[in-house]
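In this note's numbering, the protein residues as written are -7 to 72.
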C-alpha cells in the first residue's frame, strides 16, 4: 500500500490531526489512518473527502482514479 501523500498534506495544511478530520468526516480515526496509508475506501467517502478539501479525486487518490495509458504494454499483451 502506498501512502497517499496529497491527502496527508492537505490535512496538515488545514492544521488538522487525524482525529479532528475523522470527526469532521464522521468516520473512525482508524479508518482515516488506513485510507491515508493506501487502504481502499468507498466511492461515497472518496467524494466526501474531495468535497471537504475542494480537490479533485484524482489528486487525493491517484492510486485509484488515475488511469495508466501504457500503450506499449497494451500492444504487447494484445498483438495485432
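We treat Cβ as the ideally placed atom computed from N, Cα and C, and that holds for glycine.
### Query
With distances taken between CB atoms, is the gap from residue 53 to residue -4 smaller than 8 Å?
Within the chain shown, residue 53 is the residue found at index 61, counting from 1. Within the chain shown, residue -4 is the residue found at index 4, counting from 1. Contact flag set, yes.
#### Entry: Separation of residue 21 from residue 48, as counted between CA atoms
Indexing the chain shown from 1 puts residue 48 at position 56. Indexing the chain shown from 1 puts residue 21 at position 29. The straight-line gap from Cα to Cα measures roughly 22 Å.
#### Entry: Nearest-angstrom beta carbon gap, residue -2 and residue 51 [assumed within contact, 8 Å]
Here the question's residue 51 lines up with position 59 in the chain shown. Here the question's residue -2 lines up with position 6 in the chain shown. Yes, residue 51 and residue -2 are in contact; Cβ-Cβ is about 5 Å, under 8 Å.
### Query
For residue -2, which three-state DSSP category applies?
Sequence index remark: in the chain shown, residue -2 carries index 6 (1-based). The answer is helix: DSSP assigns residue -2 an H, G or I state.
### Query
Using CA coordinates, which residue listed in 5, 38, 43 is at the minimum distance from residue 55?
Position 63 of the chain shown, counted from the start, is the residue given in the question as residue 55. The shortest Cα separation from residue 55 among 5, 38, 43 belongs to 38.
### Query
If we count the other Cβ atoms within 10 Å of its Cβ and call it buried at 16 or more, is residue 14 buried or exposed?
Taking the first residue of the chain shown as position 1, residue 14 is located at position 22. With 16 or more Cβ atoms within 10 Å of its Cβ, residue 14 is classed as buried.
### Task
Keeping to the same chain, check which residues put their C-beta closer than 7 Å to that of residue 42; ignore five residues upstream and five downstream.
The residue you call residue 42 lines up with position 50 of the chain shown. Here the set comprises 48, 49, 52.
### Message
For residue 46 and residue 17, which I take to be in contact (beta-carbon distance under 8 Å), what is that distance rounded to the nearest angstrom?
### Response
Residue 46 sits at position 54 when you count from the first residue of the chain shown. Residue 17 sits at position 25 when you count from the first residue of the chain shown. The pair is not a contact, with the Cβ atoms about 14 Å apart (cut-off 8 Å).
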